[in-house]
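Comments concern the structure below.
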Amino acid sequence: MFGKSFQRKYALSDQGVKNTKQATVWTVIVNLVVMGGMGILYLMMTRFMDTLTNGAPLPGIWLFVGLILAFVALSMLTHLQQYRATYGLVYGEVKAVRITIAERLRKLPLGYFGKRDLADLTETIMGDVNRLEHVWSHCLGYLYGSYISTAIIAVMMLIYDWHMAMACLWGVPVAFGLLFGSRKLAKRNSERTKAAGIQVSDGIQETLENIREIRATNQESRFLDDLNGKIDHHEKVMIKGELSTGIFVNAASVIMRLGVATTILTGTALILSGQIDFMLLFMFLLAITRVYAPFDQALALIAEMFVSQVSASRLMEIQDTPIATGADSFAPKGHDISFQNVGFSYDDKQVLRGVSFTAKEGEVTALVGPSGSGKSTCARLAARLWDIDSGKITVGGVDIASVDPEVLLSDYSMVFQDVVLFDDTVMENIRLGRRGATDDEVRAAAKAANCDEFVVKLPKGYDTPIGENGAKLSGGERQRISIARALLKNSPIVLLDEATASLDVENETKVQGALSRLLEGKTVLVIAHRMRTVEAADKVIVLADGKVAEEGSPAELITRQNGIFRRMTQLQASSAEWSI
Ligand code: ADP
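Using this note's numbering, the first residue of the sequence shown is number 709, and each one after it goes up by one.
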């Protein structure tokens, strides 16, 4: 019952399965103890009836008092254990599952994040796990325990009097049959509700992110109408889903309760025909309340369990996505980056075809080419942010596909356009380059990256918090922070995406100055946008249509008649920007 498929169905950890087993066992014990209480009541009633009808003296009153006290004590003890097993232990499970998912996400190839949006992933880590938490704590042990205890009680009833047992119990399988029949519908509704919910979060996120543009272009009403539409849709889908679940759950509950009527009818008929006495009917009526009580609650939970399986399968999808793995050690001979016949596609779209080139250590290799020709892709592949489809990429002779991406990345610094700054102080933002760097080292790197001059003007200097995503810094300043990080890291390979953002001349000169310090002696692969960078490069790789169209020193390429590089240079002669 609690095998691998159970574990996957509810996205449980190994410990979670153990906890559920415990919770189930305790639920069975609790249900049986309560049933035992009913037995005591039945015994007492028969004795009293005996006294009333035959005038026999009331026997063993103290025995009953003792039994009742023992029952109360046992009942409290077992309930406490059940509570501990179901709730106490499950809370650790939430933490364990969230950490497992976060660890997994950290190791997933970046391509995965292109396919799933952020709102969706957040919903999985927070929403889906919360929903499952409720199922783990309130449903699993309770429901499975009730299955087992009811089966035990049903067998006892059947042995005692099968006519009466059938009259009591027929509703249980019918009610569950009805619910299981509606399972597909519940799942479909849940998927729809979730999709609509994600659209709402996406809409809100999009509106907040673009608030400036929306205001500037007077598009408030269009965006708000759109968002209102999404919220209305979500509400409708949700109400429809809950309504249909509610109908099935209530119908099942009513059917199960019809068992009380059939028990009374059958019981009365059997009493009249002299086959049973009234006390037996009384006993079955007592028993029936105990059979129904856990299931009544379980019926409401079971709908939640069906729905939670959608959450579980979303979690499992992340768990099942293959991660990039490799050796823990990386000892290349030098740091030349070599692309050998590399082919790569995003999903179905082929972006690179048979790309071969070498970026030498101690040299600046500039990737140029029209927008969309695959320059950024090459830079990402060089750091194994994605795995390639064909060919080979080596660093110092070592195939990077054989190295664990985290180990590999310790040899890389990336200075990309979209610098991510965290909501922390300047000092900590720079320290991200190398954990454990001292304050003095951070300051030295900041100075070398020309950060020092603007940092000291900030209200608290290096201890000034910079807003989420560095909203309080200019483009050039953010970029210099990112260069400071790279300087601190001092890794042998630097991947650089030159900013296209229009920096003012002063800022640009400072960024250039900082860069020249960073790049010295490294293997540098730069996605070049500026003439100055291209001219200063040791080697230029011209990409066009996902292939290397030209390769050589800038001086060499400029002389090539009808060459792309020559044409681009002429086109760009009057502009500082390189991209076309
Ligand atoms: P460049 O840097 O030369 O402008 P890119 O390497 O960014 O070119 O992109 C090459 C092609 O790959 C483009 O057609 C672009 O649309 C596509 N592309 C880039 N990133 C992704 C992605 N994450 N998913 C799908 N397609 C992408």
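We treat Cβ as the ideally placed atom computed from N, Cα and C, and that holds for glycine. Given the structure is predicted, the values throughout are model-derived calculations rather than measurements.
Under the three-state DSSP convention, the category residue i falls into
| i | result |
| --- | --- |
| Asp1107 | strand |
| Gln789 | helix |
| Val1256 | strand |
| Gln1048 | strand |
| Asp836 | helix |
| Gly1062 | strand |
| Tyr1120 | strand |
| Leu1203 | strand |
| Gly724 | helix |
| Ala1074 | strand |
| Pro1262 | helix |
| Lys803 | helix |
| Val1248 | strand |
| Val1234 | strand |
| Lys1057 | strand |
| Ile1096 | coil |
| Ile939 | helix |
| Ala1006 | helix |
| Asp1126 | coil |
| Gly1271 | coil |
| Ile1031 | coil |
| Leu971 | First, the residue type needs correcting, since residue 971 is Thr and not Leu in the sequence shown. In the structure shown, Thr971 sits in a helix (DSSP, three-state: H, G or I). |
| Ala995 | helix |
| Thr1172 | coil |
| Ile1101 | strand |
| Phe714 | helix |
Classification of residue i by the beta-carbon crowding that lies within 10 angstroms, buried from 16 upward
| i | result |
| --- | --- |
| Thr1146 | exposed |
| Asn1137 | buried |
| Met864 | exposed |
| Thr976 | exposed |
| Lys1083 | buried |
| Val695 | Here the chain comprises residues numbered 709 to 1288, so residue 695 is not present and cannot be evaluated. |
| Gly905 | buried |
| Tyr868 | exposed |
| Pro1113 | buried |
| Leu1203 | buried |
| Glu1206 | buried |
| Arg1151 | buried |
| Thr1033 | exposed |
| Leu1223 | buried |
| Trp870 | exposed |
| Thr761 | exposed |
| Asp1028 | exposed |
| Val773 | exposed |
| Pro1002 | buried |
| Gln790 | buried |
| Ala1035 | exposed |
| Phe756 | exposed |
| Trp770 | exposed |
| Asp836 | buried |
| Lys712 | exposed |
| Ser1081 | buried |
| Thr1217 | exposed |
| Val798 | buried |
| Lys1197 | buried |
Query raised in the report: Okay, do the region 1011-1021 and the region 717-733 touch, 3+ Cβ pairs below 8 angstroms being the bar?
Result: yes
Query - contact_flag[the region 724-743, the region 852-864] where n(CB pairs < 8 angstroms) is 3 or more - result: yes
Query raised in the report: Contact between the region 1036-1053 and the region 1068-1085: three or more CB pairs below 8 angstroms?
Result: yes
Query raised in the report: Between the region 967-985 and the region 891-902, do three or more beta carbon pairs fall short of 8 angstroms?
Result: no
Query raised in the report: Taking a cut-off of 5 angstroms, which residues have a beta-carbon closer than that to any heavy atom of ligand 1, in chain order?
Result: Gly822, Tyr1054, Val1059, Ser1079, Gly1080, Ser1081, Gly1082, Lys1083, Ser1084, Thr1085
Requested in this report: Inspect the CB distances between the region 980-999 and the region 741-754 and report whether three or more fall short of 8 angstroms.
Outcome: yes
Query raised in the report: In the region 758-784, which residue ranges form an unbroken alpha helix (DSSP H) of at least 4 residues, counting only runs that do not cross its ends?
Result: none
Query raised in the report: Three or more C-beta pairs closer than 8 angstroms, one from the region 1150-1166 and one from the region 1123-1133: is that the case here?
Result: no
Query raised in the report: Enumerated in chain order, which unbroken segments of the alpha helix (DSSP H) with a length of 4 residues or greater are wholly contained in the region 847-887?
Result: 849-868, 870-877
Requested in this report: Could you tell me whether the region 881-891 touches the region 949-964, using the rule of 3 or more Cβ pairs below 8 angstroms?
Outcome: yes
**Report entry** Contact the region 1073-1081 vs the region 1251-1270: 3+ CB pairs below 8 angstroms
**Finding:** yes
Query raised in the report: If you pair each beta-carbon of the region 944-961 with each one of the region 838-846, do three or more pairs fall below 8 angstroms?
Result: no
Query raised in the report: Taking one C-beta from the region 1097-1111 and one from the region 1261-1271 each time, how about it: are there three or more such pairs within less than 8 angstroms?
Result: no
Query - Three or more C-beta pairs below 8 angstroms linking the region 905-914 and the region 923-942 - result: yes
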